[in-house]
Amino acid sequence: MLLRMSTLFLRTLREDPADAEVPSHKLLVRAGLVRRAAPGIYSWLPLGKIVLENVAQVVREEMNRMGAQEVLFPALLPRESYEATGRWTEYGDTLFRLKDRKGADYLLGPTHEEMFTLMVKGEYGSYKDYPVILYQIQTKYRDEARPRAGILRGREFIMKDSYSFDLDDEGLKHSYELHREAYIKTFDRLGLDYKIVFATSGAMGGSASEEFLAPCPTGEDTFVQCTSCDYAANTEAVVLAAPTPAATSKEVPDVKVLDTPQTPTIETLVAYMNEHHGLSITAADTLKNVVLKTRKPGEDWELLVVGVPGDREVDLDRLEGQLEPIEVDQADPEDLAKHPGLVRGYIGPQGRAGTADGGHLAELGIRYLVDPLVTPGSAWVTGANEQDRHAAYVVRGRDFEPDGEIGAVNVREGDRCGRCGSTLTISRGIEIGHIFQLGRKYADAFSLDALGPDARPVRITMGSYGIGVSRAVAVIAEQSHDERGLVWPREIAPADVHIVGTGKDNQIEVALDLAARLEARGLRVLVDDRAGVSPGVKFNDAELLGVPTALVVGRGLAQGVVELRDRKAGTKDEIPLAEAVDRVIAACAS
RNA sequence: CGGGGUGUGGCGCAGCUUGGCAGCGCGUCUGCUUUGGGAGCAGAAGGCCGCAGGUUCAAAUCCUGUCACCCCGACCA
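If you use the working numbering, the first sequence closes out at 591, no skipped numbers anywhere.
Have a look at this one:
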């Protein structure tokens, strides 16, 4: 490959585009790789297209290596199959919908579980056919409420999605592991810095799930990492260590109901308790009972109360992640109004004085869950289920018994690791890959069975795996740049070597000659042969474009010397012209 | 959906308060000079000032409406 800057369809920009905030967006536009076509929709120019293909090729090679087979589905899909799984409605406004001339409904595919499942069902029938892994690299459409950050989160983007089909759970586990390994190889080759974190399965349904996150301050995902073991998880999926069990209930006095006028919030309650009732408590000693509502698909909303320490907020995303596919939402005032027994701001789980079993919420028939931070035996200050009154010394296991535990609190820096008990730190990241074991949701929807050796049907179990290909380009740019421009990893770079002919005498001629010889040796060459362009402009463009190796044919040429530069290290070496070809090849091989 | 902001040559922006020939930098074109860190001189092309209506002798500027885009949040792979 030989690209000449004199004819290359490329215009670099001296200034950052006004609508760009994040580094990758600014740089990809300035370097002339992409241009915005509409909100969240981008066109790829020649250099950008090359980089994008390079990333896709790495993904493709690693998928093929592990035995997956490439296919290609249309992006324009009929409504029916999405109707069968309920996703025509479940996906909501995020789905791009359109009608054909006859008025029939179509959609632009946001992901392709349905189509893959149907294709396998159409072709395969015997247990002898399985397992199989299929994938495609294709354009996806999601009408995001707010696309942002350029290529990082678009409405049209390129994704590699693959799907595994196995006869049993063991097989699924194996397919999952194959993907995990392939993803590790892929992201290593892409030169990405990433973490593998436990995740929830999101809208896809299913069980085991991990995300590949590229740590990045502008990322949209928040995840925790343990400071001592290798535990890492999305905050939606995190498991925290429970605090050491509190003192046994026998040492705690009986429940005491106290007047606490005008204390509907935790702050006012703590202040009042300490001032008027001689207690010495903090928000963490209070038990906050948050009224939520849940809904199973196709059913009515049901109230749910969740108890968390008063210094914590309830993280709805985290709850939803664990309850999937059940929806969770904050209860409205109208919802509360239907239960007069729920006194807003003064809700407590304990039963009437002296009754250990049941408790107030059980009497109302409302499900009550607590965060594991509310340990058995722990004592709390909480609502007394009467306006302006609270109860102290309310002990879990003595005065109330929740229906179960669920990780509900918002995770904080310094919370403890559920695996080893050490401190957790919180970081931001961008999701570049996601693997999960779908199970039989889609196989059930389409009755995807294989005939077993005993002539009985076996329901197939599936896995679903994605890599954001176009997003990966942006993430690489995000992680690999400096104040002068992009710094591409070699395998992804638009070229192996960027030859700059500075323009005087025969410098451009020699540059072109070197370019031809390097191309003949199998290198991908970009040569700046523009006449009448000053050296400063060419150097700046070379640094902006970020090709890993540069060869400058300039003022040293008269003495038979050219300059070899390394973009990443920033080094410059004067080398004899006669050695230039071999030295460049050596540099590109390292 | 809530909050904030912006729409003016290809790109980045000023002008708007206080109405009076549409400007600046970069880029582009022509000529000459220049060629190791975003060159110089001379000349040139290029804009329905987002759109619609209104006020006025006169609107980029004031008023009304509308559309679009960007940012934060909500939401969402």
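Beta carbons are placed, not taken as given, at the ideal position from N, Cα and C, and that holds for glycine.
Alpha-carbon to alpha-carbon, residue j and residue i
i	j	result
residue 392	residue 223	36 Å
residue 281	residue 271	8 Å
residue 428	residue 40	28 Å
residue 52	residue 190	14 Å
residue 579	residue 534	26 Å
residue 69	residue 163	8 Å
residue 217	residue 179	27 Å
residue 349	residue 397	11 Å
residue 98	residue 212	28 Å
residue 539	residue 195	34 Å
residue 15	residue 149	22 Å
residue 230	residue 553	48 Å
residue 1	residue 516	No information on residue 1 is available, as it lies outside the stretch 2 to 591 that the chain covers here.
residue 568	residue 307	55 Å
residue 120	residue 465	15 Å
residue 264	residue 177	52 Å
residue 420	residue 238	13 Å
residue 451	residue 549	51 Å
residue 115	residue 82	6 Å
residue 104	residue 117	25 Å
residue 505	residue 587	28 Å
residue 436	residue 570	35 Å
residue 165	residue 401	46 Å
residue 221	residue 153	10 Å
residue 291	residue 463	37 Å
residue 147	residue 5	38 Å
residue 399	residue 347	20 Å
residue 527	residue 23	27 Å
residue 376	residue 236	21 Å
Residues near residue i in its chain [Cβ-Cβ closer than 7 Å; skip 5 each side]
i	result
residue 77	107 and 109
residue 1	The chain is shown from 2 up to 591; residue 1 falls before or after that span and cannot be answered.
residue 60	138, 161, 187, 468 and 470
residue 42	155, 156 and 157
residue 143	95, 111 and 156
residue 79	107
residue 453	128 and 459
Proximal residues to residue i (C-beta, below 6 Å), its chain only, five neighbours per side dropped
i	result
residue 490	192
residue 172	132
residue 574	565
residue 503	536 and 555
residue 296	302 and 328
residue 18	30
residue 305	293, 295 and 368
residue 434	184, 213 and 468
residue 2	525
residue 495	48, 51 and 52
Proximity below 9 Å, CB of residue i to CB of residue j
i	j	result
residue 66	residue 161	no
residue 473	residue 26	no
residue 159	residue 471	yes
residue 500	residue 542	no
residue 467	residue 112	yes
residue 372	residue 309	yes
residue 417	residue 284	no
residue 626	residue 585	The structure shown does not extend to residue 626, since the chain spans only 2 to 591, so no value can be given for it.
residue 424	residue 227	yes
residue 351	residue 253	no
residue 233	residue 294	no
residue 261	residue 277	yes
residue 431	residue 215	yes
residue 55	residue 479	no
residue 374	residue 407	no
residue 449	residue 141	no
residue 311	residue 289	yes
Neighbourhood of residue i by C-beta, 8 Å cutoff - its chain only, sequence neighbours within 5 removed
i	result
residue 545	13, 28, 31, 32, 485, 486 and 487
residue 100	106 and 107
residue 582	515, 518, 519 and 522
residue 167	131, 132, 173, 175, 176, 461, 462, 463 and 464
Just list the alpha helix (DSSP H) runs in the segment 524-589, keeping only unbroken ones of 4 residues or longer that don't cross its boundaries, in chain order.
Those alpha helix (DSSP H) runs which fall completely within the segment 524-589 and span 4+ residues are 536-546.
What are the uninterrupted segments assigned as beta strand (DSSP E) that are 3 or more residues long and contained completely in the segment 63-119, given in chain order?
Complete beta strand (DSSP E) runs here, min 3: 77-79, 97-100 and 106-109.
Hey, which unbroken runs of the alpha helix (DSSP H) at 4 residues or more fall wholly within the segment 252-277?
Listed in chain order, they are 267-277.
Counting only runs of 3+ residues fully inside the segment 142-171, write out the beta strand (DSSP E) ranges in chain order.
157-167
Report yes or no: do three or more beta-carbon pairs, one from the segment 408-423 and one from the segment 164-178, lie closer than 8 Å?
no
Hey, which unbroken runs of the beta strand (DSSP E) at 3 residues or more fall wholly within the segment 469-515?
498-502
Which runs of the beta strand (DSSP E) at least 3 residues long sit entirely within the segment 377-465? Give them in chain order.
For the segment 377-465, whole beta strand (DSSP E) runs of length 3 or above, ordered along the chain, are 380-387, 390-396, 425-440, 450-452 and 458-460.
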